[in-house]
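In this note's numbering, the protein residues as written are 144 to 464.
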């Protein structure tokens, strides 16, 4: 049985996973030989994520982060997804077996969790992309999600989707209030710090926050040269979103190991009109776009963005005897 201190370290590291507005919509229960992961419906961001789909993607990411963290601690994990058909918020039951050996690559991947940031600044073009892309594709189970890399000439259409989404929400007071709520000064364990919100202004496909429309990237400053990835799934079910989140985690960590900066982009998938435009940009007519990721070279000489805050371990992990 895994020592409680090891489990606590694993959960604490896993909770560095990305989530919409840094809402951290998960909770863990450890008791006996099994650890259970639950979605926390009280932390869904309802205006942006009316179906709760993005919260489940976030929970998929935190599960993969947890498996990475425990692998570095010397534990293999076996996951039973949606173990309780009467409680769909019970996303996973995780059992453990001692690993025979922990390779350097396992430890490197866990270390990447600490280094990864959601970097909203404009990126330079990712050097060596052609040789890196096959490595990236091998980093996750293709049954979890499909990965497409948008062509550079698709960027104008992506910008149109972002602007359409913004226009449709301009007079949505609930959505605008929600943005202000999650970016308000003084939040210490969730949300997005003001310094990081300000960075969104420089990239034309980023989610724009209140009072930012007049300072778009197209008018000044370096242009974003990131590759834009799309993770899609065969359907749009809870299980599809959960699997996509696991693939998202793997993609972000592999990019971090390679030295690339990353930023998830989800707002263009939140409303049907803008999501339909993303549908048109991927080759598989049956695939459902779930999340986009900008990948590139971080701005030189500026250092990494500050880490976003996290909830205390006692708020997300319950230990039962």
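For every residue, glycine included, the Cβ atom is placed at its ideal position computed from N, Cα and C.
(request) Report buried or exposed for residue 86, applying the criterion of at least 16 other Cβ atoms within 10 angstroms of its Cβ. (result) Nothing in the structure corresponds to residue 86, since the chain is present only between 144 and 464.
(message) Quick check: the Cα distance between residue 191 and residue 243, rounded to an integer number of angstroms?
(response) Working through the chain shown from its first residue, we reach residue 191 at position 48. Working through the chain shown from its first residue, we reach residue 243 at position 100. Distance between the alpha carbons of residue 191 and residue 243: 44 Å.
(message) Considering only DSSP beta bridges, list what residue 173 is partnered with.
(response) Stepping through the chain shown from its first residue, residue 173 is reached at position 30. DSSP lists 178, 462 as partners of residue 173.
(request) Taking only the alpha-carbon atoms, compute the straight-line gap between residue 330 and residue 381 and give it to the nearest angstrom. (result) Residue mapping note: residue 330 aligns to position 187 of the chain shown, counting from 1. Residue mapping note: residue 381 aligns to position 238 of the chain shown, counting from 1. Taking the straight line from one Cα to the other gives about 30 Å.
(message) Suppose the cutoff is 6 Å on Cβ atoms and the five residues either side in sequence are ignored; what does the same chain contact list for residue 360 look like?
(response) Position 217 of the chain shown holds residue 360. Reliability of the predicted coordinates at residue 360 is poor, the pLDDT of 45 falling under 50, and the value obtained from them is presented with this limitation in mind. Within the same chain, residue 360 has close Cβ partners 345, 346, 347.
(request) Quick one: residues in its chain with C-beta nearer than 6 Å to the C-beta of residue 221, no 5 flanking neighbours on either side, listed in chain order? (result) In the chain shown, counting from the first residue as 1, residue 221 sits at position 78. For residue 221, same chain residues with a beta-carbon under 6 Å away, outside a window of 5 residues either side, are 238 in chain order.
(request) Please say whether residue 279 and residue 413 have beta carbons closer to each other than 8 Å? (result) As a first step, residue 413 must be located in the chain shown, where it is residue number 270. As a first step, residue 279 must be located in the chain shown, where it is residue number 136. No, the pair does not count as a contact, with Cβ atoms beyond the cut-off.
(request) For residue 291, write down the residues that DSSP places opposite it in a beta bridge. (result) As a position in the chain shown, residue 291 is number 148, starting the count at 1. Residue 291 is bridged to 373.
(request) Round the Cβ separation of residue 339 and residue 407 to the nearest angstrom and send it over; I've been treating them as touching at under 8 Å. (result) Stepping through the chain shown from its first residue, residue 339 is reached at position 196. Stepping through the chain shown from its first residue, residue 407 is reached at position 264. Their Cβ separation, rounded to whole angstroms, is 13 Å, which puts residue 339 and residue 407 out of contact at 8 Å.
(message) Within 10 Å of its beta-carbon, does residue 434 have 16 or more other beta-carbons around it, so buried, or fewer, so exposed?
(response) Start at 1 with the first residue of the chain shown, and residue 434 comes out as number 291. It is buried - the Cβ of residue 434 has at least 16 other Cβ atoms within 10 Å.
(message) Within 10 Å of its beta-carbon, does residue 219 have 16 or more other beta-carbons around it, so buried, or fewer, so exposed?
(response) For this step, residue 219 is matched to residue 76 along the chain shown. Exposed is the call here.
(message) Taking 7 Å as the limit between beta carbons, can you name the residues of its chain near residue 386, skipping five residues before and five after?
(response) One-based indexing of the chain shown puts residue 386 at position 243. Closer than 7 Å at Cβ, skipping near neighbours: 203, 287, 288, 376.
(request) Kindly indicate which residue of 175, 178, 199 has the alpha-carbon position closest to the one of residue 184. (result) Taking the first residue of the chain shown as position 1, residue 184 is located at position 41. When each option's Cα is compared against that of residue 184, the closest is 199.
(message) How far does the beta strand (DSSP E) with residue 406 in it extend, from its first residue to its last?
(response) As a working mapping, residue 406 is identified with position 263 in the chain shown. Unbroken beta strand (DSSP E) run through residue 406: 404 to 408.
(request) Could you pull the start and end residues of the alpha helix (DSSP H) that residue 316 belongs to? (result) Along the chain shown, one-based indexing puts residue 316 at 173. Looking at the DSSP string, the run of the alpha helix (DSSP H) that includes residue 316 is 316 to 325.
(request) State the DSSP-derived secondary structure class of residue 362, mapped to helix, strand or coil. (result) On the chain shown, position 219 is the one that residue 362 refers to. Bear in mind that a pLDDT of 47 at residue 362, under 50, signals an unreliable position, so the model cannot answer this.
(message) Considering just the uninterrupted stretch of the beta strand (DSSP E) at residue 435, what are its terminal residues?
(response) Stepping through the chain shown from its first residue, residue 435 is reached at position 292. It spans 431 to 439 - the beta strand (DSSP E) in which residue 435 sits, taken as one unbroken run.
(message) For the structure I just gave you, are there three or more beta carbon pairs, one from the segment 153 to 167 and one from the segment 204 to 211, closer than 8 Å?
(response) yes
(request) Kindly indicate which residue of 351, 245, 369, 249 has the alpha-carbon position closest to the one of residue 304. (result) Indexing the chain shown from 1 puts residue 304 at position 161. The shortest Cα separation from residue 304 among 351, 245, 369, 249 belongs to 351.
(request) Whole angstroms is fine: what's the gap from residue 464's alpha carbon to residue 422's? (result) Position 321 of the chain shown, counting from 1, holds the residue named residue 464. Position 279 of the chain shown, counting from 1, holds the residue named residue 422. About 48 Å.
(request) Tell me whether the beta-carbon of residue 378 lies closer than 8 Å to the beta-carbon of residue 431. (result) Indexing the chain shown from 1 puts residue 378 at position 235. Indexing the chain shown from 1 puts residue 431 at position 288. Their beta carbons are under 8 Å apart, which means residue 378 touches residue 431 by this criterion.
(message) Spatial neighbours of residue 355 within its chain, please: C-beta separation below 6 Å, excluding the five flanking residues on both sides.
(response) Looking up residue 355 in the chain shown gives position 212. For residue 355, the pLDDT reaches just 49, beneath the cut-off of 50, and the residue's location in the model is therefore unreliable, leaving the point undetermined.
(message) Please classify residue 296 as buried or exposed, where buried requires at least 16 neighbouring CB atoms within 10 angstroms.
(response) Sequence index remark: in the chain shown, residue 296 carries index 153 (1-based). With fewer than 16 Cβ atoms within 10 Å of its Cβ, residue 296 is classed as exposed.
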